[in-house]
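A.B. asks:
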Amino acid sequence: MKAKKITQLSLFCAVAMIMSYIEALIPLPLPFGIKVGLPNIIIVFILYRFGPKEAAIVSLVRVILVSLLFGNAMTLAYSLAGAFLSIALMTALKATKWFTTIGISVAGGIFHNTGQTIVACLLMNTLEISSILPLLTITGTIAGILVGICGHLLIAKFPKI
Amino acid sequence: MFFEIIKKYRNDILLILALILVSASTWLILDTTKTSGSTVVVFKDNTEYAQYDLNKDAEIMIKDGDEYNKLIIKDGSVKVVEASCPKQMCVNSSAISYNNETITCLHNKVVVKVISDIDPEVDFIS
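Chains A and B, in that order, are what the protein sequence lines are.
So that you can map any letter, position 47 of the first sequence is 49 in the working numbering, and since no number is skipped, the others follow by simple counting.
So that you can map any letter, position 123 of the second sequence is 270 in the working numbering, and since no number is skipped, the others follow by simple counting.
This is how it looks when you write it as structure tokens:
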């Protein structure tokens, strides 16, 4: 990886981290820490501009740093699961070339939430996935559409560097 | 205008509908296979604390020093009505009555679980 690319990716990683922080500041009246997934805007952008490998690296670094700064070992475990499930799915869907950023980010959003919840269920062995699945799908879809629109605008307007 | 948008994002809309369908059917399968429970088991600090009959109305106090959780069993369902924890997530959880449903209070390390006597060992999650 060239120094220029490393610099660019770390810059985007910093932006994604700030997004996580802003997101943590916005209180949502939803249980289980369901979030909008603002950092996903950056991940979608990187997925399109750089590629899946770069998106996975930035996502990994972001999740680790954010968990170390604002969370704990538990959040790290389920954030990682969610992040990777969502990146894998978004990469696969992007490769088909059938979908725009909106469809891809909706799928990514839903699977990010679902991955997190499955791991949280496995770790704590207490939550019932069936009772929260509808909520996860609805919030994931709405948030995914918003993130997809933002990602689309960012990809279209951001100058090539 | 409206039809143009639909045409442009046809695949995305189909994908979203497919995802919702998959999730809805998973939820339906999970929801219809659940059976009603008959016993309330309370775990405190990861060990079993007490068992109660779900079909007998009762008020239960789980105390540990200053920490407490107050449960009410009524009409075959159990609910946490009062707790000393700061987040009150257990109090805000809705009443549970089906097999394997749980209410968790992370702060006081209290887990309230409904089980059915017929098959108490089966755990759907793990």
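Glycine is no exception: its CB is placed at the ideal position from the N, C-alpha and C atoms.
8 Å is my cut-off, CB to CB: does V108 of chain A come that close to chain B?
C.D. replies: Judged by the 8 Å Cβ criterion, V108 of chain A is in contact with chain B.
A.B. asks: Is S170 of chain B close to chain A? Criterion is C-beta to C-beta, closer than 8 Å.
C.D. replies: Judged by the 8 Å Cβ criterion, S170 of chain B is in contact with chain A.
A.B. asks: Quick check: the stretch 143–153 of chain A against the stretch 105–117 of chain A, are at least 3 beta-carbon pairs closer than 8 Å?
C.D. replies: Short answer: they touch.
A.B. asks: Under a CB-based cut-off of 8 Å, is P54 of chain A close to chain B?
C.D. replies: By this cut-off, P54 of chain A is not an interface position.
A.B. asks: Restricting to runs no shorter than 4 residues, where is the alpha helix (DSSP H) found entirely within the stretch 188–260 of chain B?
C.D. replies: The stretch 188–260 of chain B contains these whole alpha helix (DSSP H) runs: 236–239.
A.B. asks: Quick one: measure Cβ to Cβ for N216 of chain B and I209 of chain B, integer angstroms, because I've assumed they're closer than 8 Å.
C.D. replies: Contact holds; Cβ gap of about 5 Å.
A.B. asks: Please list, in chain order, the chain A residues whose beta carbon lies closer than 7 Å to that of N216 of chain B.
C.D. replies: Correct list: empty, because the minimum Cβ distance to chain A is about 14 Å.
A.B. asks: Out of B:N255, B:T173, B:L164 and B:S170, point me to the one whose CA is closest to C232 of chain B's CA.
C.D. replies: For C232 of chain B, the nearest C-alpha among the options comes from B:N255.
A.B. asks: Starting from K183 of chain B, follow its DSSP beta bridges and name the residues at the other end.
C.D. replies: This sequence places Ser at residue 183 of chain B; Lys is not what is there. In DSSP, S183 of chain B forms a bridge with B:Y245.
A.B. asks: Reducing DSSP to helix, strand and coil, say where I134 of chain A ends up.
C.D. replies: Residue state, collapsed to three classes: helix.
A.B. asks: Any chance the stretch 155–168 of chain B sits against the stretch 235–248 of chain B, with 3 or more Cβ pairs inside 8 Å?
C.D. replies: Touching, no.
A.B. asks: Hey, how far is the Cα of I250 of chain B from the Cα of Q10 of chain A?
C.D. replies: Taking the straight line from one Cα to the other gives about 45 Å.
A.B. asks: Alpha carbon to alpha carbon, how far is I207 of chain B from Q235 of chain B? Give it in angstroms, no decimals.
C.D. replies: About 17 Å.
A.B. asks: Could you work out which residues of chain A lie near Y156 of chain B, taking near to mean beta carbons separated by less than 7 Å?
C.D. replies: Ordered by position in chain A, the residues that pass the 7 Å Cβ test against Y156 of chain B are T102 and I104.
A.B. asks: Please go through the same chain and pick out, in chain order, the residues whose beta-carbon is closer than 7 Å to the beta-carbon of V188 of chain B, but skip the five residues on each side of it.
C.D. replies: Cβ within range, chain order: E195, Q198, K260 and I262.
A.B. asks: Please list the terminal residues of the continuous alpha helix (DSSP H) segment that includes N42 of chain A.
C.D. replies: Per DSSP, N42 of chain A belongs to the alpha helix (DSSP H) from P41 to R51.
A.B. asks: Please classify A205 of chain B as buried or exposed, where buried requires at least 16 neighbouring CB atoms within 10 angstroms.
C.D. replies: Exposed.
A.B. asks: Evaluate N239 of chain B with the Cβ neighbour count: other Cβ atoms within 10 Å of its Cβ, from every protein chain shown; 16 or more gives buried, anything less gives exposed.
C.D. replies: Exposed is the call here.
A.B. asks: Check whether the stretch 82–100 of chain A touches the stretch 41–54 of chain A, taking contact to mean three or more Cβ pairs, one atom from each stretch, closer than 8 Å.
C.D. replies: Touching, yes, given that three or more Cβ pairs across the two stretches are closer than 8 Å.
A.B. asks: For a minimum of 4 consecutive residues, which ranges assigned as the alpha helix (DSSP H) are wholly contained in the stretch 89–127 of chain A?
C.D. replies: Within the stretch 89–127 of chain A, the complete alpha helix (DSSP H) runs of at least 4 residues are 103–126.
A.B. asks: Is the beta carbon of T143 of chain A less than 8 Å from the beta carbon of I163 of chain B?
C.D. replies: Closer than 8 Å, so yes.
A.B. asks: Return the chain-ordered list of same chain residues with a C-beta closer than 6 Å to the C-beta of I219 of chain B, the five sequence neighbours on each side being excluded.
C.D. replies: Closer than 6 Å at the Cβ level, and outside the excluded window around I219 of chain B, lie E206, K226 and V228.
A.B. asks: Starting from I112 of chain A, find everything on chain D with Cβ-Cβ shorter than 8 Å and list it in chain order.
C.D. replies: Absent from the structure is chain D; the protein chains it does hold are A and B.
A.B. asks: Thinking just about the alpha-carbon of each residue, which of B:F190, B:E151 and B:D178 is nearest to the one in V258 of chain B?
C.D. replies: If we check each option's Cα against that of V258 of chain B, B:F190 comes out closest.
A.B. asks: Rounded to the nearest angstrom, what separates S61 of chain A and A85 of chain A at their Cα positions?
C.D. replies: Rounded to whole angstroms, S61 of chain A to A85 of chain A spans 7 Å at the Cα level.
A.B. asks: Give me, in chain order, the residues of the same chain whose beta-carbon lies closer than 8 Å to that of L70 of chain A; leave out the 5 immediate sequence neighbours on both sides.
C.D. replies: If we look at L70 of chain A and ignore the five residues flanking it on each side, its Cβ neighbours are L78.
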